[in-house]
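Since the structure comes first, as structure tokens, the remarks are kept for the end.
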Amino acid sequence: KLQHTIGALGALQHVSYDCWIPLLKAARLEDQVRPGGCINPYESEANLEADLPIWRMLQARGYRSERLGASELRQLEPALPARYTCAMFEPEFRRVLDPFRIVTGLADAFVAGGGTILREQVSAFEFSPDNAIRIRTHRAVRRADRLVVAAGAVSNRLAALLGDPGVPLEAGRGYHVTLPDPGLELRHVVVAPEHQVAITPMSMGLRFAGTLEFAGADSAPNWKRADAILKIAGRVFPGIRTEGYTQWTGDRPMMPDSVPVISRATKRPNVYYAFGSGHYGLTQAGVIGRLVAEMMAGETPFLDVAPYRVDRF
Numbered sequence: 035k036l037q038h039t040i041g042a043l044g045a046l047q048h049v050s051y052d053c054w055i056p057l058l059k060a061a062r063l064e065d066q067v068r069p070g071g072c073i074n075p076y077e078s079e080a081n082l083e084a085d086l087p088i089w090r091m092l093q094a095r096g097y098r099s100e101r102l103g104a105s106e107l108r109q110l111e112p113a114l115p116a117r118y119t120c121a122m123f124e125p126e127f128r129r130v131l132d133p134f135r136i137v138t139g140l141a142d143a144f145v146a147g148g149g150t151i152l153r154e155q156v157s158a159f160e161f162s163p164d165n166a167i168r169i170r171t172h173r174a175v176r177r178a179d180r181l182v183v184a185a186g187a188v189s190n191r192l193a194a195l196l197g198d199p200g201v202p203l204e205a206g207r208g209y210h211v212t213l214p215d216p217g218l219e220l221r222h223v224v225v226a227p228e229h230q231v232a233i234t235p236m237s238m239g240l241r242f243a244g245t246l247e248f249a250g251a252d253s254a255p256n257w258k259r260a261d262a263i264l265k266i267a268g269r270v271f272p273g274i275r276t277e278g279y280t281q282w283t284g285d286r287p288m289m290p291d292s293v294p295v296i297s298r299a300t301k302r303p304n305v306y307y308a309f310g311s312g313h314y315g316l317t318q319a320g321v322i323g324r325l326v327a328e329m330m331a332g333e334t335p336f337l338d339v340a341p342y343r344v345d346r347f
């Protein structure tokens with residue numbers, strides 16, 4: 035199962051940025067994505083050694099990474115405290131300066147190209163004998179020739195209405211804390227394995243993200259988890275400034291094998307699914323969008339989509 039997951043994710047990850055490039059150019063958002071890599075620092079060689087089998091497995095699947103000693107780590111990321119003595123560095127990592135600007139910029143480009151964005155709650159689908167689709171919402175009945183379900187952590191609810199009940203999608207809630215003036219500057223994304231937190235320098239500050247809460251998509255947020263991330267920020271960087279911090283939470287669409295669904299519906303030839311990317315929704319958006327577009331156009335997808343079938347379980 036692990037090998038299946040690594041292989042299926044790797045096929046998407048290795049081409050993810052290439053698929054993003056035309057979208058970023060079309061929306062004039064190229065300046066929002068920065069290269070630089072990701073540092074995974076450890077407080078001891080023993081802790082790194084314990085994770086080494088996983089790193090080697092990833093390397094065997096084409097994920098580039100290299101081991102850093104203390105001096106190399108200091109040169110690469112001087113802001114890290116001295117107790118971090120070694121690291122694994124992933125040079126192909128990129129970071130986004132402002133995810134909100136990316137999303138709104140893409141939406142603006144879509145509208146400028148003639149698209150329409152409607153915010154409506156879907157209650158039912160109806161199909162005519164020729165498979166034309168009627169979509170009932172709280173405001174109107176919409177008609178479509180083809181349909182893509184990409185509704186994040188509640189996509190399985192819509193899939194059930196379309197003839198695919200029981201898709202094992204769960205909401206995996208994550209939290210983040212953003213520090214607008216932390217008093218330090220990072221050059222890279224930092225993922226601290228011993229604290230299970232990802233730290234990203236962004237245009238609005240330094241963002242600490244983590245935790246995975248399975249409480250259901252309809253549950254209220256547990257802000258104690260965000261408070262815990264704030265405490266972790268102080269442990270990773272003693273003395274870091276937290277004044278004016280903001281908190282956020284959102285539901286990741288999680289599949290049991292961590293592999294997304296990129297698939298035609300089993301009962302409807304003109305319905306397509308694109309959900310379940312978990313922690314990699316932004317990363318995989320470009321490649322999944324391309325694959326679904328190729329499927330809808332009747333073309334052979336440039337990647338084999340069999341590992342992502344909705345009925346693989």
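Mapping of the sequence shown onto the working numbering: position 304 corresponds to residue 338, and the numbering continues sequentially without gaps.
Ideal placement from N, C-alpha and C gives every residue a C-beta, glycine not left out.
Predicted, not measured: the structure shown is a model, and the values here were computed from it.
Within 10 Å of its beta-carbon, does residue i have 16 or more other beta-carbons around it, so buried, or fewer, so exposed?
i, result
"D198", "buried"
"E277", "exposed"
"F271", "buried"
"P202", "exposed"
"M238", "exposed"
"N165", "exposed"
"E333", "exposed"
"I88", "exposed"
"G268", "exposed"
"S162", "exposed"
Measuring alpha carbon to alpha carbon, tell me which residue in the options is nearest residue i.
i, options, result
"D132", "T150, R68, I167", "R68"
"P75", "R62, I40, L63, V223", "V223"
"L348", "M330, G332, Q318, P341", "Residue 348 lies beyond the stretch modelled for the chain, which goes from 35 to 347, so this question has no answer here."
"L337", "M330, R324, R346, L264", "R324"
"R177", "A158, L110, V130, A327", "A158"
"Y209", "D215, L181, R180, A262", "A262"
"E247", "S297, H313, Y279", "H313"
"A116", "P303, S105, I322", "S105"
"R129", "T245, L240, E77, D85", "L240"
"M122", "I136, L114, L107, A113", "L107"
"T119", "M329, R153, L82", "L82"
"A251", "A61, R153, A113, V188", "V188"
"R298", "D285, M330, E126, P163", "M330"
"R170", "A184, P163, R153", "R153"
"H229", "P303, I266, Y97", "I266"
"E111", "C72, V145, Y97", "C72"
"Y97", "R221, E219, P125", "P125"
"T283", "E328, L192, G244", "G244"
"P235", "L36, G70, G273", "G70"
Per the DSSP calculation, residue i is bridged to which residue(s)?
i, result
"M122", "N74, R101"
"R170", "A158, V175"
"R241", "T212, T234"
"F309", "V295"
"E204", "M288"
"A61", "Its beta-bridge partners do not exist; DSSP assigns none."
"R129", "R68"
"Q281", "V211"
"L181", "V305"
"E32", "In the structure as shown, the chain starts at 35 and stops at 347, and residue 32 therefore has no counterpart that could be examined."
Excluding sequence positions up to five away, which residues of its chain have a Cβ less than 8 Å from the Cβ of residue i?
i, result
"K249", "According to the sequence shown, residue 249 is Ala rather than Lys. For A249, where only same-chain residues beyond five positions count, the Cβ hits under 8 Å are A205, R207, N256."
"Q66", "L58, V130, L131, D132, R135, I136, G139"
"I40", "M91, L92, R95"
"A141", "I151"
"A113", "L218, E219, L220, R221, F271"
"A45", "L337, D338, P341"
Kindly list the residues whose CB is nearer than 6 Å to the CB of residue i, restricted to its own chain and excluding five residues on each side of it in sequence; keep chain order.
i, result
"E160", "R168"
"A42", "V293, P341"
"R275", "D215, P216, G217"
"T280", "T212"
Under 8 Å by Cβ, that's how I've got residue i and residue j pegged, so tell me the actual separation to the nearest angstrom.
i, j, result
"P287", "S311", "7 Å"
"A84", "A143", "Actually they are not in contact, since the Cβ atoms of A84 and A143 sit about 45 Å apart, beyond 8 Å."
"G149", "F309", "About 20 Å; that fails the 8 Å criterion."
"V339", "L196", "Contact doesn't hold; Cβ gap of about 18 Å is too wide."
For residue i, which residues in the same chain have their Cβ closer than 7 Å to its Cβ, ignoring the five residues on either side in sequence?
i, result
"N190", "V201, L203"
"V49", "V321"
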